[in-house]
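Undergrad: Position 7 of the sequence shown, counting from 1, maps to 267 under this note's numbering, and the rest follow consecutively.
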Amino acid sequence: MAFVWAAIVVLVVGAIVFASIKAGKGWVLAKSESSIRADRLYRLQAYLKDHGVKTKLSEEAGSLRLLVRRGEAERARRLAEDFGDEGH
Numbered sequence: 261m262a263f264v265w266a267a268i269v270v271l272v273v274g275a276i277v278f279a280s281i282k283a284g285k286g287w288v289l290a291k292s293e294s295s296i297r298a299d300r301l302y303r304l305q306a307y308l309k310d311h312g313v314k315t316k317l318s319e320e321a322g323s324l325r326l327l328v329r330r331g332e333a334e335r336a337r338r339l340a341e342d343f344g345d346e347g348h
């Protein structure tokens with residue numbers, strides 16, 4: 261009987277760990293621009309990457325979207341503000 265309880269505990273802990281890792285690895289929208297202004301988004305992506313933020317681009321209905329990891333979203337937002345303030 262102790263083996264059954266131990267197995268249940270291991271499964272529950274494993275499910276919690278898996279769910280927390282899965283939730284933290286999602287991508288969220290950082291910035292979106294029309295395809296015409298894609299150059300600005302490319303420069304922002306390079307700026308974020310230079311500061312260690314993982315990014316990826318996706319295209320959707322004529323606009324380009326810059327995505328960042330969910331756990332880095334706040335940091336990316338602050339860096340994007342700095343990028344805008346510096347006049348890039």
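From the three backbone atoms N, C-alpha and C, an ideal C-beta is built for every residue, glycine too. Just so we're clear, the structure is a prediction, and the values are computed from it rather than from any experiment.
1) Between Lys-291 and the rest of its own chain, which residues show a CB-CB distance below 8 Å, the 5 nearest in sequence each way excluded?
2) Can you have a look at Leu-308 and say buried or exposed, based on whether 16 or more other CB atoms are within 10 angstroms of its CB?
3) Can you tell me whether Val-273 is buried or exposed? The criterion is at least 16 other CB atoms within 10 Å of its CB, across all chains shown.
4) Find the nearest neighbour of Arg-329 within the set Ser-295, Glu-293 and Lys-314, judged by alpha-carbon distance.
5) Do you know whose CA, among Ala-333, Val-270 and Gly-312, lies nearest Gly-286's CA?
6) Ser-294 and Ser-318: beta carbons closer than 8 Å?
7) What span of residues does the alpha helix (DSSP H) with Arg-330 cover, start to end?
8) State buried or exposed for Ala-266, treating a residue as buried only when at least 16 other CB atoms are found within 10 Å of its CB.
TA: So, from the data block:
1) Leu-301, Leu-304, Arg-325, Leu-326 and Ala-340
2) buried
3) exposed
4) Lys-314
5) Ala-333
6) no
7) Neither: Arg-330 is in no alpha helix (DSSP H) and is coded neither H nor E.
8) exposed
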